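For the sequence shown, the numbering used here assigns the number 37 to the initial residue and increments by one for each residue that follows.
We put the CB at the ideal spot given by N, CA and C, even for glycine.
Since we're looking at a predicted model, the values are computed, not measured.
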Amino acid sequence: TIATCELPGCKMRFTLTIRRHHCRKCGKVFCFKCTRHRLPLHPQTLAVDFKNGNDCRVCKDCYNQERQWSKHDVNEANKTKKAAKALAQQLNRLTGENGRLEGEVEQLEEEV
């Protein structure tokens, strides 16, 4: 039987009044303070599911890991948006240049 919280540095001892709580993501045993975070976990896979998941008790490490991935996803989405905007600007510039060249070709054809 696990007698203390498994979070390094906490080591709160479990008693009749201080209960054990399992992280629903990693399965380790923690005190109430170290499992106060919640994530929407899919009940069958225990993967984070923001659309259909149920809010479940998770430890600090699992919560912080998911927050880190969420921030990573937002950063990647912002990079993609910036790249798409740059490509759109370049396409607009090339399209405008193409239209100008077509006009010059028409003028040259008329002169010939």
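Rounded to a whole number of angstroms, what is the C-alpha to C-alpha distance between Cys95 and His73?
For the purposes of this step, residue 95 is identified with residue 59 of the sequence shown, where counting begins at 1. For the purposes of this step, residue 73 is identified with residue 37 of the sequence shown, where counting begins at 1. When rounded, the distance between both Cα atoms is 7 Å.
Assuming Cys46 contacts Cys70 (C-beta within less than 8 Å), just tell me the rounded distance between them.
Position 10 of the sequence shown holds residue 46. Position 34 of the sequence shown holds residue 70. So it is a contact: roughly 6 Å between Cβ atoms.
Could you pull the DSSP bridge partners for Cys92 from this structure?
Taking the sequence shown and counting its residues from 1, the one referred to as residue 92 is at position 56. Bridge partners of Cys92: Leu75.
Report, in whole angstroms, the separation of the C-beta atoms of Arg60 and Arg93, which I expect to be a contact under 8 Å.
Taking the sequence shown and counting its residues from 1, the one referred to as residue 60 is at position 24. Taking the sequence shown and counting its residues from 1, the one referred to as residue 93 is at position 57. The Cβ separation is near 6 Å, so the contact holds.
Within 10 angstroms of its Cβ, does Val65 collect 16 or more other Cβ (buried), or is it exposed?
Numbered from its first residue, the sequence shown carries residue 65 at position 29. Label assigned to Val65: buried.
Hey, how far is the Cα of Arg139 from the Cα of Arg129?
For the purposes of this step, residue 139 is taken as the residue at position 103 of the sequence shown. For the purposes of this step, residue 129 is taken as the residue at position 93 of the sequence shown. In the sequence as presented, Arg is not what sits at residue 139; that position holds Gly. Their Cα atoms are separated by approximately 16 Å.
Work out the CA separation of Gly132 and Glu147 for me, nearest whole Å.
In the sequence shown, counting from the first residue as 1, residue 147 sits at position 111. In the sequence shown, counting from the first residue as 1, residue 132 sits at position 96. Between Glu147 and Gly132, the C-alpha separation is close to 23 Å.
How many angstroms separate the CA atom of Arg136 from the CA atom of Ala122?
Taking the first residue of the sequence shown as 1, we reach residue 136 at position 100. Taking the first residue of the sequence shown as 1, we reach residue 122 at position 86. Whole-angstrom Cα-Cα distance: 21 Å.
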